[in-house]
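Visitor:
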Amino acid sequence: MQQSAVNFFVTEKASQEVLRIAQENNITEPILRIRVVPGGCSGFQYAMGFDDTIEEGDHVFEYGGLKVVIDQFSMPYVNNAELDYVMDFMGGGFTIKNPNVSGSCGCGSSFSCG
Numbered sequence: 001m002q003q004s005a006v007n008f009f010v011t012e013k014a015s016q017e018v019l020r021i022a023q024e025n026n027i028t029e030p031i032l033r034i035r036v037v038p039g040g041c042s043g044f045q046y047a048m049g050f051d052d053t054i055e056e057g058d059h060v061f062e063y064g065g066l067k068v069v070i071d072q073f074s075m076p077y078v079n080n081a082e083l084d085y086v087m088d089f090m091g092g093g094f095t096i097k098n099p100n101v102s103g104s105c106g107c108g109s110s111f112s113c114g
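For the sequence shown, full-length UniProt numbering gives the first residue as 1, with consecutive numbering after it.
1) Could you tell me which of Y63, E29, I70, H59 sits nearest to Y46, measuring between CA atoms?
2) Short check: CB of V78 to CB of F8, under 7 Å?
3) Just to confirm, are G57 and Q72 a CB contact at a threshold of 7 Å?
4) Classify M1 as helix, strand or coil using the three-state DSSP reduction.
5) Considering just the uninterrupted stretch of the beta strand (DSSP E) at I31, what are its terminal residues?
6) What residue does the beta strand (DSSP E) around E62 start on, and which one ends it?
7) Any idea what DSSP makes of M90, helix, strand or coil?
8) Three-state secondary structure (DSSP) at Q16?
9) Within the continuous alpha helix (DSSP H) that includes V78, where are the two ends?
10) What does the alpha-carbon distance come out to for the pair F25 and E17?
This is the structure we're talking about:
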């Protein structure tokens, strides 16, 4: 496990929703892995899901019973970003507010940095 000066934030709403989903799926010690993967029209996409392990070199953040892990490749792309959960007329969903994004595609599913 690596602790460092980088930051990643999770709102209380997002943390509660992830913990709710974990409980629904009988996951007693949830580890949420957030990754940046190549793809989409703008170059990168976010991938998010539960994991059972923390790998060597992962950055680990804790939010009220929820561990969030981000690998070394992804961390520079999401440094100082924030995971939120928003509700609107169409329902709810997770969103990442990322100050490192320099552009995104028209459909909003991929982004570029730099």
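Note that beta-carbon positions come from the ideal geometry of N, C-alpha and C, so glycine has one too.
Guide: Inspection of the coordinates gives the following:
1) As a working note, residue 46 is residue 46 in the sequence shown. The candidate whose alpha carbon is nearest that of Y46 is I70.
2) Here residue 78 is taken as the residue at index 78 of the sequence shown, counted from 1. Here residue 8 is taken as the residue at index 8 of the sequence shown, counted from 1. Cβ distance < 7 Å, so V78 and F8 count as in contact.
3) Here residue 57 corresponds to residue number 57 of the sequence shown, with the count starting at 1. Here residue 72 corresponds to residue number 72 of the sequence shown, with the count starting at 1. Yes. Within cutoff.
4) Residue numbering aside, residue 1 sits at position 1 when the sequence shown is read from its first letter. Only weak support is given to the placement of M1: the predicted model assigns it a pLDDT of 49, under 50, and the value that follows is read from those uncertain coordinates. Three-state DSSP puts M1 in coil, outside helix and strand.
5) Counting from 1 along the sequence shown, the entry for residue 31 is found at position 31. Run containing I31: 31-38, per the beta strand (DSSP E) assignment.
6) Mapped onto the sequence shown, residue 62 falls at position 62. Where E62 is concerned, the enclosing beta strand (DSSP E) stretches over 59-63.
7) As a working mapping, residue 90 is identified with position 90 in the sequence shown. M90 falls in the coil class under three-state DSSP.
8) The residue labelled residue 16 in the question sits at position 16 within the sequence shown. Secondary structure at Q16: helix, using DSSP grouped into helix, strand and coil.
9) On the sequence shown, residue 78 is found 78 positions in, with the first residue counted as 1. Taken as a continuous stretch (DSSP letters only), the alpha helix (DSSP H) holding V78 covers 75-78.
10) Counting from 1 along the sequence shown, the entry for residue 25 is found at position 25. Counting from 1 along the sequence shown, the entry for residue 17 is found at position 17. Here residue 25 turns out to be Asn, not Phe, going by the sequence shown. Each residue's Cα considered, the two are about 12 Å apart.
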